[in-house]
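What follows is a short report on a single structure.
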Amino acid sequence: MTAAIYARRASKSVLVLEALTYGGQIINTPDIENYPVTAHISGFEFATKVYEQAQALGAEFVFAKAVDIIDGGSEKTVVTADNRYTCKAVIIATGSQNRKLGLPNEEELTGRGVSYCATCDGAFYRGKTVAVVGGGNTALEDALYLADLAKTVYLIHRRDEFRGDEKTVSALKARETVKFVYNSTVTALIADKKLTAVEVTDKSGSVSTIELDGLFVAVGRVPENMNFAKLVKLDEAGYIAAGEDCRTDTPGIFAAGDNRTKSVRQLVTAAADGASAATEAIRYISSL
Ligand code: NAP
Numbered sequence: 326m327t328a329a330i331y332a333r334r335a336s337k338s339v340l341v342l343e344a345l346t347y348g349g350q351i352i353n354t355p356d357i358e359n360y361p362v363t364a365h366i367s368g369f370e371f372a373t374k375v376y377e378q379a380q381a382l383g384a385e386f387v388f389a390k391a392v393d394i395i396d397g398g399s400e401k402t403v404v405t406a407d408n409r410y411t412c413k414a415v416i417i418a419t420g421s422q423n424r425k426l427g428l429p430n431e432e433e434l435t436g437r438g439v440s441y442c443a444t445c446d447g448a449f450y451r452g453k454t455v456a457v458v459g460g461g462n463t464a465l466e467d468a469l470y471l472a473d474l475a476k477t478v479y480l481i482h483r484r485d486e487f488r489g490d491e492k493t494v495s496a497l498k499a500r501e502t503v504k505f506v507y508n509s510t511v512t513a514l515i516a517d518k519k520l521t522a523v524e525v526t527d528k529s530g531s532v533s534t535i536e537l538d539g540l541f542v543a544v545g546r547v548p549e550n551m552n553f554a555k556l557v558k559l560d561e562a563g564y565i566a567a568g569e570d571c572r573t574d575t576p577g578i579f580a581a582g583d584n585r586t587k588s589v590r591q592l593v594t595a596a597a598d599g600a601s602a603a604t605e606a607i608r609y610i611s612s613l
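In this text, residue positions in the sequence shown follow the working numbering: the first is 326, and each later residue adds one.
Structural data, given as structure tokens:
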């Protein structure tokens, strides 16, 4: 949406294709406090403001998933289930999706005790026992959010050091209801129609069971690039190989945000990518 704002301000026609709703993963964040200008804002409110800004500038939004891009040189075609859109440049800003634990019954238990979104599903676990798996900012923030709702929150991490911010770790350590389970991975989901417990294996191989009502999986994200793999070069982890200028190896195709190779995946860097990608796309169009 930042790219749309920049491109509209340069008087380009802009179509934004959104597979589900606007805003991407930030809409699941209850409180943003690391984006300049505002000390606190919910992800949904933030995304809505950007959406309204882009719309007011004349960007057109269509809610449909881009399933393919056909590169015809100076003319590209973006394909959705019902339509085909032609344009001169395409910015792929498809972000990433939740990484799964990869356990056999994980999919069938999703929505039956297994969740990937604490702010969406946390309210179902008021007064109950839950666990969060992971050691990044998402896991830490999810655990803190759930600590206000649940009776007990286990935080299960495969190491004894967290990848996420120290400030959130300290806040969690101050909560009596949060129990840290270090050097451990979830090795089985135990269920009777819905999740009832998890099997946890620690680094020494010792296996234990934690009875719980809900498991929140926050073990990182995987890029949403597979629809475009034949079009642009991906790195070993599946991210689009594009640098700070957001240019891919295919002229006229740009990548912005969490789906490109980069070291800092934050709201502010995603917005910055939008600005860079749109600026480069405008340059590219001028060169045609
Ligand atoms: P992340 O930073 O990649 O962390 C993923 C965590 O899951 C890591 O601790 C990792 O362990 C663990 N993990 C990965 N695969 C696992 C597996 N199969 N089993 C068990 N544990 C596994 O992902 P994230 O927390 O979703 O964050 C993604 C990006 O968004 C990060 O850049 C993060 O800083 C950013 N973010 C920022 C904010 C904020 O600034 N407010 C909020 C949320 C997210 P290891 O540590 O051992 O690798």
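Note that CB positions come from ideal geometry on N, CA and C, so glycine has one too.
Alpha carbon to alpha carbon, how far is residue j from residue i? Give it in angstroms, no decimals.
i: T594; j: M326; result: 13 Å
i: V387; j: N353; result: 21 Å
i: A581; j: K518; result: 41 Å
i: D396; j: K555; result: 10 Å
i: G489; j: E358; result: 15 Å
i: T419; j: V547; result: 11 Å
i: E561; j: G452; result: 43 Å
i: R333; j: I565; result: 25 Å
i: S612; j: T502; result: 60 Å
i: Y470; j: E486; result: 20 Å
i: A513; j: T444; result: 24 Å
i: K498; j: V478; result: 12 Å
Could you give the DSSP three-state label for residue i: helix, strand or coil?
i: C412; result: strand
i: T327; result: helix
i: A372; result: helix
i: E605; result: helix
i: K504; result: strand
i: N353; result: helix
i: K498; result: helix
i: Y441; result: coil
i: S399; result: coil
i: T594; result: helix
i: A513; result: strand
Would you kindly report the start and end of the unbroken alpha helix (DSSP H) that includes residue i?
i: V523; result: V523 -> not in any alpha helix (DSSP H); beta strand (DSSP E) instead, spanning K519 to D527.
i: V544; result: Run containing V544: none; DSSP gives neither H nor E here.
i: D467; result: N462 to A472
i: E431; result: E431 to L434
What are the boundary residues of the beta strand (DSSP E) that includes residue i?
i: S421; result: S421 to N423
i: E343; result: L340 to E343
i: V532; result: V532 to E536
i: I481; result: T477 to I481
i: F388; result: E385 to F388
i: V457; result: T454 to V458
Since residue i and residue j are thought to touch, with beta carbons under 8 Å apart, how far apart are those beta carbons, to the nearest angstrom?
i: D574; j: V557; result: 6 Å
i: V415; j: G545; result: Wrong, their Cβ atoms sit about 27 Å apart, outside the cutoff.
i: L520; j: R424; result: Actually they are not in contact, since the Cβ atoms of L520 and R424 sit about 19 Å apart, beyond 8 Å.
i: T493; j: I515; result: In fact, because the Cβ distance is near 29 Å, the residues do not count as touching under 8 Å.
Does chain B have any CB closer than 8 Å to the CB of residue i?
i: T604; result: Absent here is chain B; the protein component of the structure consists of one chain.
Runs of alpha helix (DSSP H) lying entirely within the segment 553-584, each at least 4 residues, in chain order: none
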